[in-house]
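Following the working numbering, the numbering of the sequence shown begins with 14 at its first residue and continues without gaps.
This report refers to the structure that appears directly beneath it.
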Amino acid sequence: MHYDATARLKRCLRSPPGLLKPSATIDLVHLLSGVRPVIRTEIQTPYNADDVTRWLSRLGCYTCLDNEGFIVVALKPGLCRRVLAIDRDPSEHTKAFGLALGYPNCCVRAAARVGEASIDAWAAQMASRAYVGSFKAIDPSGYLAGKSAISHVPCSPRCQQSLTMARQAVHGPFGECLHRKARQNLVRSGVRV
Ligand SMILES: [Zn+2]
């Protein structure tokens, strides 16, 4: 990507509309850095979807919005529609949805074993575990506040695939747009992907 284009996107990323959750920045850094092909986030109510979709189009993104405020964002329009269709599928779709969103296989398998109905309890349990050294970067407890480097629940506090994803996001072209807390453990280590 041309330097000027990257700089412009960084400026845009740093001034999101207030209706997006802080965690949306993590997802967007993944998307724009090519770490994941498609993301889903939520517009807070009362929402003005037009403001958000206009801002995302300035980032070069296509969007598909459902009627509950969830928005699927990708750099290819067809991908948004496919992922929204998986999300709407009334049958069990945890695995298909997680894989479509580009999460690591091991973490998707773990989420599918837990099942969608119990995912929040599992996420809380994983957030209470100890994350040591570089693995602090995959601690999901800071996700909602936008202070994590990944946006899924890792299958373990030592998940290598999640750590690789966090490193790609932190050391990629938009890593500096992540919250300082999401970057500090990997930036300090100096280890690149
Ligand atoms: Zn994993």
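Backbone N, C-alpha and C fix where the C-beta goes; we use that ideal spot for every residue, glycine too.
In this text the structure is predicted, and so the values were computed from the model without any measurement.
- Relative to the Cα of S36, the nearest Cα in the group R196, I163, S175 belongs to I163.
- In the three-state DSSP reduction, V42 falls in the helix class (H, G or I).
- In the three-state reduction of the DSSP assignment, T58 falls in the coil class.
- In this structure, I99 keeps its C-beta atom at 8 Å or more from the C-beta atom of A87.
- Inclusion of G115 and V51 in the CB contact set at 8 Å is warranted, their separation being smaller than that value.
- Shown here, V145 sits in coil according to DSSP, grouped into three states, outside any helix or strand.
- When DSSP reads this structure, L33 sits in a beta bridge with I56.
- Beta-bridge pairing by DSSP links A87 to V51, Y75.
- Assignment of beta strand (DSSP E) within the segment 113-143, counting only whole runs of 3 or more residues, yields no such run.
- The DSSP-derived three-state label of I151 is helix.
- With fewer than 16 other CB atoms across the displayed protein chains lying within 10 angstroms of its CB, A137 is exposed.
- Following the DSSP letters along the chain, one finds L176 inside the alpha helix (DSSP H) bounded by residues 173-184.
- Judged by DSSP in its simplified three-state form, C168 adopts coil rather than helix or strand.
- The Cβ atoms of C74 and V85 do not sit closer than 8 Å to each other.
- N80 carries a coil assignment under DSSP once its states are collapsed to helix, strand and coil.
- Cα atoms of R196 and D102: separation of roughly 36 Å, rounded to the nearest angstrom.
- Put simply, of V200, A113, E55 the residue whose alpha carbon is nearest the alpha carbon of F83 is E55.
- With contacts defined as CB atoms closer than 8 Å, Q181 and V48 qualify as a contacting pair.
- Scanning N80, H43, L72, R67 for the CA closest to the CA of T58 turns up N80.
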